[in-house]
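Notes follow the structure.
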Amino acid sequence: MIALTFPDGAKREYPAGISGADIAAQISKSLAKKAVAVTLNGEVVDLAEPIKHDATFEIVTRDDPRAITLIRHDAAHVLAEAVQSIWPGTQVTIGPVIENGFYYDFARNEPFTTDDLPVIEAKMREIIAKDRPFTKEVWGRDEAKRVFTEMGETYKVQLVDAIPEDQDVKIYKQGEWFDLCRGPHLPSTGKVGTAFKLMKVAGAYWRGDSNNPMLTRIYGTAWHDQKELDEYIHRLEEAEKRDHRRLGREMDLFHFQEEAPGTVFWHPKGWTLFQELVAYMRRRLRADYKEVNAPQVMDSVLWETSGHWGWYKENMFKVQSAGDEVRDERVFALKPMNCPGHVQIFKHGLKSYRDLPLRLAEFGVVHRYEPSGALHGLMRVRGFTQDDAHVFCTEEQMAEECMKINDLILSTYADFGFDKIIVKLSTRPEKRVGTDEVWDHAEDVMQRVLKQIEEKYGDRITTGILPGEGAFYGPKFEYTLKDAIGREWQCGTTQVDFNLPERFGAFYVDADGQKKTPVMIHRAICGSMERFTGILIEHFAGHFPLWLAPTQVVVTTITSEADAYVLDVVAKLREAGLRAEVDIRNEKINLKVREHSLAKVPVLLVAGKKEAAEQTLSIRRLGSKDQTSGALDEVIAALVDEAIPPDIKHKAKASASN
RNA sequence: GCCGCGUUAGCUCAGAUGGUAGAGCAACCGCCUUGUAAGCGGUAGGUCGUCCGUUCGAUUCGGACACGCGGCACCA
């Protein structure tokens, strides 16, 4: 006999080998019908699996959130069966569950096209309608390999080989069709339901390695019911509406063109936004950092010293004179990062321990030859501006500097409304420089800082460790923020570096008169200003807070009788420092409201004959259908106050409370 | 870089078994003086991504390239 503990705490005894299905049937007919799996000690297992040991036990019904993984996983199996029945000879590989859905990778000489998707989907619905049971079998390793070899499923043979010796080779059958799979599964294909959809076809490397052959991947999404599926499709559509590339065009912020792949043409409005962002960062740096600017084009010997010329060359732009005649034997390169430049500045003139920590910041424009397939709007470009800084300090100062950077990063994100941050510590990778002692020490320090961060910001952040993900020259913190619709963006980074200062022979004179190599901390907050701008566009869906909005206010007329008044209002707004535009076109107010709303102007001030006479304004906020009205001076004062950037507001508050 | 798809007016998109193209919005010009998300009329606008090939003839078919899109790999 075995004892199972139910969610309500009740403990019951059953003969060993009883299945979840049996237990559900004993409890009630309806439960037996709804049950799709059980959990044993929290782990989801097949309904038919014989239970052999004491455990906490729970029945998982199809509506259970935990069932969604099974639905998606089974949908992947059904997809694979459908594809093989339509195109025999197609090899199956893997088909895992992913966020919001599933995929399956196929090896086939002919590629799939999007036109194939409805055909496959129809076949899947047939298979699901047949409602055949999923049954598990455990095969011998050699038998499995023999069967898959005979079937021509060479990838499956490789997968069998990859299963650790101590694990069973499990086969799940759904009628005739079967697949190597670790499970668990629903009781039958019918339980997959109809709330699924094949989304797209794509290429993907076998085992995620670009040296391997490329397979064809079919992505699908699957949900408990149609309502969830519809909601998901709706969410995708909403996300598409806030795509920064689309808003960039609609709001006239920037464009790309083929002569400059991966580099941005900023239009006046986009550049205003960008500059507002830079101005904000600059203010945040004023207290602790010294801003510098290092050359864009430098001799490649510098990159040889830094090591980039060896391992990063493929990603660098070479710069030469364009004439036929070689004017200079030397090879120059566009900088792909700012660190070597900052080390040169550090090295210029003797540094004392009294100069440390020395924090050099630069809004450095870097160019990297990113693979063509990686380019993506503002998010991944070949030329971009980093809010970069390098802190030169002693080992003793390292922890405090990391914490200081952390505070700066988190408070910056908070100012943009990002309040869910993930901080991850990446530790030593396999390929690295420096002794184990140095790494031990550095990681120890970083661990302690991470603890401190947790204690200080526990409610706002989640933390984690990424083993082996550190830079080759030192461990790092990575800061990932979540935007308004839950997507994650890795932006900030703090990396300690024991390598570069030494390579360049940078040193400071310590209190004892000895030359010492400083520790260098690389750090960025936004990462790439271009990308951060893109993230903000999507985060706010173009509805920027007043301080960031490229055009903050449009003042417009109802009749031309108010023209003079409105021109005066705009002059006053500009005088007060607001980015205000005037619209005295001879158009209906309906049209003007529509146009400025579509342009996502936060505040629309409207004046007709009445307002002009009374020196008032009608105020319409973006996203609101109503208007308020106010006296001219008061309206301006309120807008001026609202347009104060958050950092300045905090400061004013702090000094007021002192 | 790899796999697949795409590129037609400023934008969104239609179109022809191969005979040099069309709509809506925007633009421009008029009329309308307007009260909070499209007033009315008219005009103009295109080397159908680039190059090469097939063809009497190519925007349409084929190829290469460029750029883009969706993934994969990459993001030091």
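Each residue of the first sequence is one higher than the last, beginning at 114 in the numbering used here.
Glycine is no exception: its CB is placed at the ideal position from the N, C-alpha and C atoms.
Residue range of the unbroken alpha helix (DSSP H) whose run includes residue i
i    : result
G647 : M642 to H652
A352 : Q339 to K354
D59  : It is not possible to answer for residue 59, since the shown part of the chain is limited to 114 through 771.
W384 : P381 to L398
D696 : Run containing D696: none in the alpha helix (DSSP H); it sits in the beta strand (DSSP E), A693 to D696.
K142 : K142 to K147
H298 : Element bounds for H298: n/a, residue is neither H nor E.
A725 : K722 to E727
Q457 : C452 to K460
D610 : That residue, D610, is in no alpha helix (DSSP H); its beta strand (DSSP E) goes E601 to D610.
V706 : I702 to L711
G420 : No alpha helix (DSSP H) contains G420, which DSSP labels as neither H nor E.
R616 : L613 to R616
Check whether residue i and residue j have beta carbons under 8 angstroms apart
i    : j    : result
V609 : I650 : no
T302 : I240 : yes
M411 : H421 : no
D596 : H652 : yes
K230 : G208 : Inspection of the sequence shows that residue 230 is occupied by Leu rather than by Lys. Against a cut-off of 8 angstroms, the Cβ pair of G208 and L230 comes out as no contact.
D760 : D520 : no
V444 : S413 : yes
Y621 : L469 : yes
I172 : A138 : no
H186 : D292 : no
M516 : Q565 : yes
Inter-residue Cα distance where the pair is residue i and residue j
i    : j    : result
H656 : T169 : 50 angstroms
E371 : L183 : 45 angstroms
D501 : Q409 : 14 angstroms
R355 : P484 : 25 angstroms
V439 : E404 : 36 angstroms
H298 : I757 : 56 angstroms
T267 : V232 : 26 angstroms
D441 : T418 : 20 angstroms
K766 : N324 : 57 angstroms
L711 : F378 : 22 angstroms
G775 : G477 : With the chain represented from 114 up to 771, any question about residue 775 goes unanswered, as that position is not in the structure.
L366 : E550 : 50 angstroms
I211 : S641 : 28 angstroms
G133 : I284 : 20 angstroms
R330 : A317 : 6 angstroms
S737 : Q665 : 16 angstroms
E263 : P201 : 14 angstroms
K269 : K258 : 8 angstroms
H347 : C506 : 51 angstroms
F225 : V260 : 26 angstroms
K685 : I749 : 8 angstroms
A474 : D401 : 10 angstroms
E694 : A720 : 14 angstroms
R362 : A352 : 16 angstroms
Endpoints, the beta strand (DSSP E) within which residue i is located
i    : result
L447 : F445 to L447
Q499 : G496 to C506
D159 : E156 to D159
S434 : It is not in any beta strand (DSSP E) - S434 carries neither H nor E in the DSSP assignment.
F657 : No beta strand (DSSP E) holds F657; DSSP gives it neither H nor E.
D412 : V410 to D412
L311 : F309 to Y318
V748 : Segment L745 to E755 is the alpha helix (DSSP H) holding V748; no beta strand (DSSP E) there.
A116 : I115 to T118
H480 : L471 to H480
Is it a yes or a no for the stretch 266-281 touching the stretch 162-174, going by three-plus beta-carbon pairs under 8 angstroms?
The answer is no - the stretch 162-174 does not touch the stretch 266-281, with fewer than three Cβ pairs under 8 angstroms.
Could you pull out every unbroken alpha helix (DSSP H) segment of at least 4 residues lying fully inside the stretch 528-596, listed in chain order?
Every alpha helix (DSSP H) of 4 residues or more that sits fully in the stretch 528-596 is shown, in chain order, as 549-570.
Check whether the stretch 335-350 touches the stretch 303-319, counting contact only when three or more Cβ pairs, one atom from each stretch, lie closer than 8 angstroms.
By the Cβ criterion, the stretch 335-350 is in contact with the stretch 303-319, since at least three pairs of Cβ atoms, one from each stretch, lie closer than 8 angstroms.
At what residue ranges does the stretch 161-232 contain a whole run of the alpha helix (DSSP H), taking only runs of 4 or more?
Correct list: 180-199.
Can at least three beta-carbon pairs, one atom from the stretch 451-463 and one from the stretch 388-395, be found at a separation below 8 angstroms?
Segments in contact, no.
Would you check if there are 3 or more beta carbon pairs closer than 8 angstroms linking the stretch 666-677 to the stretch 536-553?
Contact between the stretch 666-677 and the stretch 536-553 is absent, with fewer than three C-beta pairs closer than 8 angstroms.
At what residue ranges does the stretch 247-274 contain a whole run of the alpha helix (DSSP H), taking only runs of 4 or more?
Entirely contained in the stretch 247-274, the alpha helix (DSSP H) runs reaching 4 residues are, in chain order, 254-264.
For the 8 angstroms Cβ check, are there 3 or more pairs between the stretch 572-580 and the stretch 522-539?
With a cut-off of 8 angstroms, the stretch 522-539 and the stretch 572-580 count as touching, because enough Cβ pairs lie within range.
Is there contact between the stretch 241-255 and the stretch 207-225, where contact requires at least three CB pairs shorter than 8 angstroms?
Taking a cut-off of 8 angstroms for Cβ pairs, the stretch 241-255 and the stretch 207-225 do not touch, as fewer than three such pairs fall below it.
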